[in-house]
Structure formats: C-alpha cells, structure tokens
Amino acid sequence: MKTVIEKLTTDLNRQDQQIIQKAGNIIREGGLVAFPTETVYGLGADGLNPSASRKIYEAKGRPSDNPLILHISCMEDLAKIAANIPPKASKMAKHFWPGPLTMIFQKSGMVPLETTGGLDTVAVRMPSHPVALALIQAGGGYIAAPSANTSGKPSPTMAEHVALDLDGRIPMILDGGAVGIGIESTIVDFSEEIPTILRPGYISQEMIYEVIGEIQLDPGLETENSGISPKAPGMKYKHYAPQGELVLVNGAQEKVQEKINYLVKEAELSGKVAGVIGTDESVDGYHCGIVKSIGTRQDEETIARHLYAILREFDSQNVEVIYSESFLTPKMGRAIMNRLLKAAGHQVIEV
Ligand code: AMP
Ligand code: MG
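First residue of the sequence shown? That's 51 in my numbering, and the numbers climb one at a time after it.
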C-alpha cells in the first residue's frame, strides 16, 4: 500500500479542508489515517466499525487486549458512547476538554468490543488540535486512535516518526508539524467509585484535585514488580522503548554527571556506541559519548516535548546504550518519569 503524506497548516485553509475531507472519507470507508493531536500523533479509524478498529491492531502490531481511546469533537457525542457519566466527570470535561484528558466510563451498546479490547468500559477524549477536531468531524464523529507508532516503540511526535513506523501499512498521514505536548493524555477512570488516574500526563493530579477534589493514583502505576497490575491494560506492556538499552541515573546533579561520565567511558571502552540525555543546563558537563539536551529544567514542558524524539534520534544513530538524567520536575515529572522508566525497563542507578 502506498502511504500519502499530506502537509497541513493549523489554520486550516481551503486546501487543508479538502485534504481533511479526503482523510475523513478514508475513515468513513473503514480505512486508517494518522493525524496530529496536541499530545502525540494518533492512528485513527472509525471507532464504531469493528473491522476498522481491527485494522489499527494489525498495523501497529498491538496486543488485542489493549483498548483504544475513542476521540470525539463535541460534548453531545459523549452521552451516545458512554453510560453513567458522573457529575464530576462532566465537570472535568467542562474544565479540560478539548485537551489532553481521557476519561473512562461504562460503554454504551454503540461501541464495539473490538474498540475496547473486550472491556465493557470505553476511554473517551476530545483533543484540542484543530486538525484532529476537523478529522473527527469529517470521519463521522468517533475516531478510535492509539498512538501512531509500532507497538512498543516511542510514540510519534512528528509525521516523520509515523512514516518510519507505518509507511506502506496505512493509506494516509496528515502532517501537522511537531506536536505541542509530546506525551500521551492523562487517563482518569470514572467507571468506579473514586476517580483514579490510570496514566499520568500533562494534566496532573493536583490540577484534577482543584476541579473535583478526591482523585487517586492507580496503585499498579508506581510499583514495579509489586504484583499489582495497572488497570489500563496498555500500561503493563514494555513501552516507549528505544532500540538501545536505556539506563536512568538518579541523585544529586554533580554525582549524576560524574557517574554518567564514568559509565559512558566504560561503555565506549567495551566498544559500544553510548549516548547521554542531559539538559541545556548540564550538557557541557558530559565529556564523551553522543550527548543530547532534552530541554531545559527552567521549562519542564520542553522536556516532555522532546522525550520521544530524542529516543528516536538515538535509534537513528545506532546508539547501543543511553544514560539519562532523571526528570522529576514539579508538574509533569510524574508523567515524564512514568514514560522514561518504562522505556528503561525500570533500570535505575541511584547515586
Ligand atoms: P495509546 O492510545 O497508545 O496511548 O493507548 C491507550 C491507552 O488507554 C492504553 O494504555 C490503554 O490500555 C488505555 N485504555 C483505553 N481504553 C481503556 C479502558 N476502557 N480501560 C482502561 N484503560 C484503557
Ligand atoms: Mg501508545
């Protein structure tokens, strides 16, 4: 299959609208289109069409028990796919939609089990990216979309990443440039008594607390090897991983630099291509290996935005082992570290 890549502007001029209509027709006919959202690029299909949803799993090599998020473009559509929407969830929707928030509800009969990985709950999000909203409308209103990467790889934050993973497997990629946030949406489960964060993201526990009060973290999230499995099926898989081995080094900045310099030298002596992930503030302190800055600690959003791209850059340079600083920054730190720890298979050196 030939994959067409269509470049779009975010102000959606007439030509962009025409491209989106074409993409919408592909979705309506049961096909796949990759598209930008404010979090990461998504791989979309008609979420109410079981065979279209199945195509997503095939194209990504995604395990069939890992449910998809259903994307909508207007508030009224929520009640058609979700049953039992508690008032707190409506409050959240008013506050954070359109935006990087996914909420889980009991599903209605309209949503096929192929979209929910066999679960009787459905994950719903209204993204804020203009291309995503326009495509959802053009595609019939309900686009099921996971991240548009091959299963297990870092999520795509640029159309080029999507093409590397899915070229020849899908008919169209909408290229809206680099995304703004760079890590996936916060997932909050409203299908049980106490609202629970199943995946941390840009919208933090504190931000949610300010809107609805009590909000807990899924205990399966933070505890590796505790025997508690995370409630979002996708969170149990090895994820976001570069080809090289990733190791995090955690501790006081000076000690971290000393340790990483030592480890890189050791790796190079044993003939390995080694990489370092630091920040604008620290990169000058690394003396060997391929050193990259992920962003600045002055603005933690830059760290989230560049996380996946930097992992993919190391892949393209055939880096075999990557040593990274930790980024437990004030707001997005939990989300950033959740992705990095998974990408590293929880290999952390404390100094
Ligand atoms: P992705 O779109 O690649 O970020 O993957 C979607 C994430 O949402 C995965 O971690 C899924 O396991 C999670 N998810 C989707 N639907 C549900 C659901 N009904 N219950 C729990 N987690 C869900
Ligand atoms: Mg994903």
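For glycine and all other residues, C-beta sits at the position ideal for the given N, C-alpha and C.
Note that the structure is predicted; figures quoted are calculated from it, not measured.
Paired residues, beta bridge with residue i - DSSP
{"i": "K342", "result": "I327"}
{"i": "A393", "result": "BP columns for A393 are empty, so no partner."}
{"i": "K157", "result": "A132"}
{"i": "K57", "result": "D225"}
{"i": "A173", "result": "I119, I154"}
{"i": "G94", "result": "V83"}
{"i": "R347", "result": "Partner(s): none; R347 has no beta bridge."}
{"i": "I372", "result": "L296, G325"}
{"i": "D239", "result": "I154, T246"}
When the options are compared against residue i, the one with the closest alpha-carbon
{"i": "G367", "options": "K322, V83, P100", "result": "The residue asked about is misnamed: residue 367 is Gln in this sequence, not Gly. The residue with the shortest Cα to Cα distance from Q367 is K322."}
{"i": "E308", "options": "G294, G328, S320", "result": "G328"}
{"i": "E79", "options": "A133, V314, L378, G190", "result": "G190"}
{"i": "P117", "options": "G167, N63, L58", "result": "G167"}
{"i": "D96", "options": "K342, P113, I193, E363", "result": "I193"}
{"i": "L361", "options": "V341, Q255, Q348", "result": "V341"}
{"i": "G92", "options": "A195, V369, I258, E331", "result": "A195"}
{"i": "K392", "options": "S254, L151, H289", "result": "H289"}
{"i": "D239", "options": "V306, D334, S140", "result": "S140"}
{"i": "N75", "options": "A184, T152, I106", "result": "A184"}
{"i": "S254", "options": "Y336, I278, G149", "result": "G149"}
{"i": "D66", "options": "S332, V261, A182, N134", "result": "A182"}
{"i": "N134", "options": "W147, M153, E164, L120", "result": "M153"}
{"i": "L1", "options": "S103, A102, V161", "result": "Any answer about residue 1 is impossible in this case: the structure gives the chain only from 51 up to 401."}
{"i": "G232", "options": "Y358, N388, F364", "result": "Y358"}
{"i": "V261", "options": "F146, P136, E108", "result": "F146"}
{"i": "P206", "options": "G335, Q68, T87, T53", "result": "T87"}
{"i": "I237", "options": "E164, L151, P136", "result": "L151"}
Burial state of residue i, where buried means 16 or more other Cβ atoms lie within 10 Å
{"i": "M208", "result": "buried"}
{"i": "N99", "result": "buried"}
{"i": "K157", "result": "buried"}
{"i": "H396", "result": "exposed"}
{"i": "K130", "result": "exposed"}
{"i": "N63", "result": "exposed"}
{"i": "M51", "result": "exposed"}
{"i": "L58", "result": "buried"}
{"i": "P292", "result": "buried"}
{"i": "E234", "result": "buried"}
{"i": "E108", "result": "exposed"}
Residue i Cβ short of 6 Å to the ligand NAD heavy atom set
{"i": "S235", "result": "As presented, the structure is devoid of the ligand NAD, carrying the ligand AMP and the ligand MG as its sole ligands."}
Other residues of its chain near residue i: CB distance less than 8 Å, five sequence neighbours each side excluded
{"i": "E350", "result": "F377, T379, P380, K381, M382, G383, I386"}
{"i": "C338", "result": "N311, V314, K315, E318, A324"}
{"i": "T200", "result": "K110, G111, D215, L216"}
{"i": "A73", "result": "E56, V83, F85, L185, A188, G189, M222, L224"}
{"i": "V297", "result": "L313, V371, I372, Y373, S374, A394, Q397, V398, I399"}
{"i": "Y336", "result": "Q307, I310, N311, V314, V326, G328"}
{"i": "S241", "result": "N134, I154, F155, Q156, T171"}
Own chain partners of residue i with C-beta closer than 7 Å, once the 5 adjacent residues on each side are dropped
{"i": "T352", "result": "G345, T346"}
{"i": "K105", "result": "L82, A95"}
{"i": "S279", "result": "G270, K286"}
{"i": "S343", "result": "G328, T329, D330, V333"}
{"i": "P283", "result": "D115, N116, P117, G167"}
Beta-carbon contacts of residue i that lie in its chain and below 6 Å, excluding the five residues immediately before and after
{"i": "I258", "result": "I265"}
Cβ contact check for the region 293-311 and the region 255-273: 3 or more pairs under 8 Å: Fewer than three Cβ pairs drawn from the region 293-311 and the region 255-273 lie within less than 8 Å of each other, which leaves the two stretches out of contact.
Three or more C-beta pairs below 8 Å linking the region 219-226 and the region 241-248: With fewer than three CB-CB distances shorter than 8 Å, the region 219-226 does not count as touching the region 241-248.
Three CB pairs or more closer than 8 Å across the region 202-217 and the region 123-140: Inter-segment contact for the region 202-217 and the region 123-140 is absent: fewer than three beta-carbon pairs are separated by less than 8 Å.
Three CB pairs or more closer than 8 Å across the region 175-186 and the region 107-115: The answer is no - the region 107-115 does not touch the region 175-186, with fewer than three Cβ pairs under 8 Å.
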